[in-house]
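Trainee: Oh and the sequence shown: position 36 is 24 in the working numbering, straight run, nothing missing.
The beta carbon of each residue, even a glycine, is placed where N, CA and C say it ideally should be.
Below are the C-alpha cells for one structure; questions will follow.
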Amino acid sequence: MKKDDLELLDELVGKFPAHMNRSDVMREMILPYVHALRAAKNGEECMKHVDEGAGLSHLRQLIQDAESDAQPVYSYSI
C-alpha cells in the first residue's frame, strides 16, 4: 500500500469502534465479496452478500459523509 492509502485506511479505522484495527476493517471490506463469490459458484444469489454486509454499509456511510463534507456549501441568501 502507498503511504497516502495507509493514511486513509487509518482514518477509516478511526471511525470504527475502538476495538477494530486495520486488519478488521480490511476484513469487513473483503469478506462480503468472498461470500458472494462462494454463493455464485454454488449457483446461489450472490449480490445479497455484498448489499447486506454490515461493515460495508458502515463504509458506504463514511464515504457518503466524506463526499458531503467535501461539497462546497452554497448560500442562496442575498
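(1) Decide if Val13 is buried, meaning its Cβ has at least 16 other Cβ atoms within 10 Å, or exposed.
(2) Could you spell out the range, first to last residue, of the alpha helix (DSSP H) harbouring Gly2?
(3) Given a threshold of 16 other Cβ atoms within 10 Å of its Cβ, counted over all protein chains shown, does Pro60 qualify as buried or as exposed?
(4) Which residues in the same chain have their Cβ closer than 6 Å to the Cβ of Val38, if we skip the five residues on either side of it in sequence?
(5) So, at 8 Å on beta carbons, what are the nonlocal neighbours of Leu0 in its own chain, with the 5 sequence-adjacent residues on each side left out?
(6) By the DSSP assignment, the alpha helix (DSSP H) with Glu32 in it spans what residues?
Mentor: Looking at the atomic coordinates:
(1) Locating residue 13 in the sequence shown gives position 25, counting from the first residue. Taking a 10 Å sphere around the C-beta of Val13, we find 16 or more other C-beta atoms and assign the residue as buried.
(2) Counted from its first residue, the sequence shown places residue 2 at position 14. Looking at the DSSP string, the run of the alpha helix (DSSP H) that includes Gly2 is Lys(-9) to Gly2.
(3) By one-based count along the sequence shown, residue 60 stands at place 72. Residue environment analysis places Pro60 among the exposed positions, since fewer than 16 neighbouring C-beta atoms fall within 10 angstroms of its C-beta.
(4) Position 50 of the sequence shown holds residue 38. For Val38, where only same-chain residues beyond five positions count, the Cβ hits under 6 Å are Pro20 and Ala24.
(5) If you number the sequence shown from 1, residue 0 lands on position 12. Excluding sequence neighbours, Leu0 sits near Val13, Leu47 and Leu50.
(6) Taking the first residue of the sequence shown as position 1, residue 32 is located at position 44. Element bounds for Glu32: n/a, residue is neither H nor E.
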